[in-house]
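J.:
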Amino acid sequence: MADIQLAPGAREADIVAAINALPNGGTIILPKNATISITTGLTISVASRDITIDLNGSTLRQDANVSVITGRGKHPTPDAVSLGQDASGNTTLTYSGTVPDVSFGSWMKVVSDDPLPGDHLDGSQPTRMGQAMEVLSVEGNTVTLRGALIDRAQYATNVRAVEYESGQLIVKNGEIVGDQGQGGRTAPVVQFRNTVDAQVENVFIHDASGTGIGVVDAVNTQITDVVVKNLTDVSGALGVGVHSLSSLGTTVKGLYAENVTHATDDNSVDSPANSSSVTYYGGDIGMHVMDSVAYATRNFAYSWHSEAVNGRFEHVMAFNSHGFLMARGIGGEMSDSGGAGNQRGIAFYQWGNGDGRDITVDNVTLKETQYYSTTAINNPQDNQIIDSWFESYSYTAPLDPQYATTTNTAYVRTSSATLNDTITGTAADELLFGAKGDDLISGGGGNDYIWGGEGIDTLTGGGGRDRFAFHAIWETGDTITDFQGGAFGDVIDLSVIAARYDWLSSLDLFANGYVWFLQDGADVCVQVDPDGGGAEFVDLTRLSNVNASSLGAAN
Numbered sequence: 005m006a007d008i009q010l011a012p013g014a015r016e017a018d019i020v021a022a023i024n025a026l027p028n029g030g031t032i033i034l035p036k037n038a039t040i041s042i043t044t045g046l047t048i049s050v051a052s053r054d055i056t057i058d059l060n061g062s063t064l065r066q067d068a069n070v071s072v073i074t075g076r077g078k079h080p081t082p083d084a085v086s087l088g089q090d091a092s093g094n095t096t097l098t099y100s101g102t103v104p105d106v107s108f109g110s111w112m113k114v115v116s117d118d119p120l121p122g123d124h125l126d127g128s129q130p131t132r133m134g135q136a137m138e139v140l141s142v143e144g145n146t147v148t149l150r151g152a153l154i155d156r157a158q159y160a161t162n163v164r165a166v167e168y169e170s171g172q173l174i175v176k177n178g179e180i181v182g183d184q185g186q187g188g189r190t191a192p193v194v195q196f197r198n199t200v201d202a203q204v205e206n207v208f209i210h211d212a213s214g215t216g217i218g219v220v221d222a223v224n225t226q227i228t229d230v231v232v233k234n235l236t237d238v239s240g241a242l243g244v245g246v247h248s249l250s251s252l253g254t255t256v257k258g259l260y261a262e263n264v265t266h267a268t269d270d271n272s273v274d275s276p277a278n279s280s281s282v283t284y285y286g287g288d289i290g291m292h293v294m295d296s297v298a299y300a301t302r303n304f305a306y307s308w309h310s311e312a313v314n315g316r317f318e319h320v321m322a323f324n325s326h327g328f329l330m331a332r333g334i335g336g337e338m339s340d341s342g343g344a345g346n347q348r349g350i351a352f353y354q355w356g357n358g359d360g361r362d363i364t365v366d367n368v369t370l371k372e373t374q375y376y377s378t379t380a381i382n383n384p385q386d387n388q389i390i391d392s393w394f395e396s397y398s399y400t401a402p403l404d405p406q407y408a409t410t411t412n413t414a415y416v417r418t419s420s421a422t423l424n425d426t427i428t429g430t431a432a433d434e435l436l437f438g439a440k441g442d443d444l445i446s447g448g449g450g451n452d453y454i455w456g457g458e459g460i461d462t463l464t465g466g467g468g469r470d471r472f473a474f475h476a477i478w479e480t481g482d483t484i485t486d487f488q489g490g491a492f493g494d495v496i497d498l499s500v501i502a503a504r505y506d507w508l509s510s511l512d513l514f515a516n517g518y519v520w521f522l523q524d525g526a527d528v529c530v531q532v533d534p535d536g537g538g539a540e541f542v543d544l545t546r547l548s549n550v551n552a553s554s555l556g557a558a559n
């Protein structure tokens, strides 16, 4: 594969020409720190090649009602198959005619015209069964796929299978700014359709209408270290940070989302029977969102729709948002997560035909929620809440057991007069939130995430490698009593500040005057200049009995 370095002054037409000049795949590197207008949209077929778009610090500016980047694989025509299972529990497809050209590691989609369990009927047609699966072997007229189909018994009518024809598309290292003046947009700013192993890494998407990143009928899409801000809703498309539809294994890690409808969401839509296109068959399976933060979302920060299957939220946080988690779908799990200052907590919602079930909420902390911590809408079933802690200004009762069992979980009422907290952690890895008030937080022995929030807080990490997080430059006045420097020491986590103030990830924060460690007697003041340059440093926090020489980029 080849590399093409575009020259300064490159335009959209030059990017298109470079894409067309790589029939066997390769990398296109944009000129460094350029701004390029996009009016027709960059549509990139990866049906038979791998393409990397390295934005190289440049900005793509959406100047028309188009997706800025669309990556496409494809499906040929699906074939009728007979389903079976081998002795190891793997799925087998038996063909009466020619077997498709697939081999070990290829991906296929198995579909049928039967309705998806839990589906919310949006129109006259249901979402129909479908699931992407990996090929293990081909012997004669039988293809063996890894593992078992979810809800195998539902595949009864017009069972077919089709291969994914897709290389890999990677988009990385830059900025995409939208155009909110364009009305009626329904396509995402960036979208992947029928692709396998697509990636977005280190990209900032902002000031657009509709969805930031859309994943449709794709396999194992990886979205890493992405910031999505200021997305408006338009007719037919909510301003969702990352949306996954009828896909398998969409993974989101390190997302920061602000002023959007949902940080992440997933669902499926209706499809006519015996459709030659299987794109919209199947629920959205196994979407995994981790290590992500949402601020000021207009709806629930994290959401599963009715067609979400086995979704997972792990170590996600939301603050000052309409709600924390909308729990629809089947088989979802949220763990080791939390938030503060949200209007609502967790809603278990049976919105479709028997969804809102088999959902687990494990080790979730919600502080200073305005209304309810947990609620049930309609008739959700077989859910569980374990090892969690919920604080709200209003409703403090646990859910009726017919909706969710509650184990080792506290519901606490707070008020404006009781905001100064004393919080003591355990030996486990924990999220410890102060939020409003002057708080005293001690972390215990684990690798803790400690956020004091507003007020003058005293923070002690204890054992382990602790992360002391600051979300805004006005969260000043805190003291950290036992900060440990060095390569394996504690961390001042400024990732939310960096996202909120648009610090480029490629910058050296010290050399460019965003962060400084100032020795002040026996202590160190951690200073931040939100605009860089070092002319207007703010004392963010004080590290007691620490020598600045022990601190570095690892801290």
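If you number the sequence shown the way this note's numbering does, the last residue is 559 and the count never jumps. Just so it is clear, CB atoms sit at the ideal spot from N, CA and C, and this is done for glycine as well.
Skipping 5 residues on each side, what residues in its chain have a beta carbon closer than 6 Å to that of A432?
T.: G450, listed in sequence order.
J.: Where does I42 sit, in a helix, a strand or coil, going by DSSP?
T.: Of the three classes helix, strand and coil, the one that applies to I42 here is strand, per DSSP.
J.: Short of 7 Å in beta carbon distance, which residues of its chain neighbour Q184, apart from the five on each side in sequence? Order them along the chain.
T.: Within the same chain, Q184 has close Cβ partners D211, A212, S213 and T236.
J.: Any beta carbon of chain B sitting closer than 9 Å to that of Y284?
T.: Going by chain labels, chain B is absent from the structure shown, which holds only one protein chain.
J.: Per DSSP, what kind of secondary structure is E458 in: helix, strand or coil?
T.: DSSP places E458 in coil when its eight states are reduced to three.
J.: State whether the region 385–400 contacts the region 357–373, with contact taken as three or more CB pairs (one from each stretch) at a distance under 8 Å.
T.: Verdict: yes, contact present.
J.: Quick one: give me the first and last residue of the beta strand (DSSP E) that N271 is part of.
T.: First-last of the beta strand (DSSP E) with N271: T268 to N271.
J.: Unbroken beta strand (DSSP E) runs of length 3 or more, entirely within the region 312–359: which are they?
T.: Entirely contained in the region 312–359, the beta strand (DSSP E) runs reaching 3 residues are, in chain order, 316–323, 327–331, 337–344 and 350–353.
J.: Taking the beta strand (DSSP E) that I427 belongs to, which residues open and close that run?
T.: Counting along the chain, the beta strand (DSSP E) containing I427 begins and ends at T426 to T428.
J.: Once the 5 residues before and after E458 are set aside, which same chain residues still bring their CB inside 6 Å of it?
T.: If we look at E458 and ignore the five residues flanking it on each side, its Cβ neighbours are K440.
J.: Please confirm whether I40 and R15 have their CB atoms less than 9 Å apart.
T.: Yes, these two residues count as a Cβ contact at 9 Å.
J.: Could you work out which residue in V139, D425, R504 and G336 is closest to V297 when comparing CA atoms only?
T.: Checking every option, the nearest Cα to that of V297 belongs to R504.
J.: Name the residue from F323, I390 and P192 whose alpha carbon lies nearest to the alpha carbon of G240.
T.: It is P192.
J.: Using the beta-carbon count (16 or more within 10 Å), is Y376 buried or exposed?
T.: Classification of Y376: buried, given that the 10 Å Cβ count is 16 or more.
J.: Could you spell out where the beta strand (DSSP E) holding E143 opens and where it closes?
T.: Residues R132 to E143.
J.: Determine the extent of the alpha helix (DSSP H) in which V500 is found, giving its start and end residues.
T.: S499 to R504 is the span of the alpha helix (DSSP H), which, as asked, contains V500.
J.: Rounded to a whole number of angstroms, what is the C-alpha to C-alpha distance between D221 and T410?
T.: Distance between the alpha carbons of D221 and T410 is about 36 Å.
J.: Take the Cβ of E540 as the centre, count every other Cβ of all protein chains shown within 10 Å, and call the residue buried at 16 or more, exposed below.
T.: Exposed.
J.: Have a look at D229, F323 and F492 and flag the residue whose alpha-carbon is nearest the alpha-carbon of G438.
T.: Comparing Cα positions, the closest option is F323.
J.: Hey, how far is the Cα of I48 from the Cα of L34?
T.: Going by the C-alpha atoms only, they are around 15 Å apart.
J.: In chain order, which beta strand (DSSP E) runs of at least 3 residues are fully inside the region 32–84?
T.: Correct list: 39–42, 46–49, 55–58, 63–66 and 73–76.
J.: Could you give the distance in angstroms between the alpha-carbon of T102 and the alpha-carbon of F317?
T.: Straight-line Cα distance between these residues: approximately 41 Å.
J.: Please name the residue, chosen from P276, S272, N271 and D288, that lies closest to N224 on a Cα-to-Cα basis.
T.: Answer by Cα proximity: D288.
J.: In the structure shown, what three-state DSSP assignment does I19 receive?
T.: I19: helix per DSSP, three-state reduction.
J.: Leaving aside the five residues before and after A552 along the sequence, list all residues of the same chain whose C-beta is less than 6 Å from its C-beta, in chain order.
T.: Taken in chain order, the residues that qualify are F521, Q523 and V528.
J.: Roughly how many whole angstroms lie between the Cα atoms of T422 and V20?
T.: Whole-angstrom Cα-Cα distance: 60 Å.
J.: Flag this pair as touching only if the region 117–130 and the region 138–153 have three or more C-beta atom pairs under 8 Å; answer yes or no.
T.: Flag = no, the region 117–130 and the region 138–153 do not touch.
J.: Consult DSSP for N224 and reduce its assignment to one of helix, strand or coil.
T.: N224: coil per DSSP, three-state reduction.
J.: Is the beta carbon of V50 less than 9 Å from the beta carbon of L173?
T.: Yes.
J.: When the distance is taken between beta carbons, is Y168 closer than 9 Å to V207?
T.: Contact: no.
J.: With DSSP as the reference, identify every bridge partner of N387, one or two as the case may be.
T.: The partner list for N387 (beta bridge, DSSP) reads A408.
J.: Taking the beta strand (DSSP E) that Q158 falls in, what are its first and last residues?
T.: Note, Q158: premise wrong, no beta strand (DSSP E); not H, not E.
J.: Evaluate contact between the region 506–520 and the region 477–495, counting only Cβ atoms and requiring at least three cross-stretch pairs below 8 Å.
T.: Contact fails: fewer than three Cβ-Cβ distances are below 8 Å.
J.: Can you tell me the Cβ-Cβ gap for G481 and G465, rounded? I've got them flagged as a contact below 8 Å.
T.: The pair is not a contact, with the Cβ atoms about 18 Å apart (cut-off 8 Å).
J.: Across which residues does DSSP place W308 in a beta bridge pair?
T.: BP columns for W308 point to A331.
J.: Could you give the first and the last residue of the continuous beta strand (DSSP E) run that contains K440?
T.: It is not in any beta strand (DSSP E) - K440 carries neither H nor E in the DSSP assignment.
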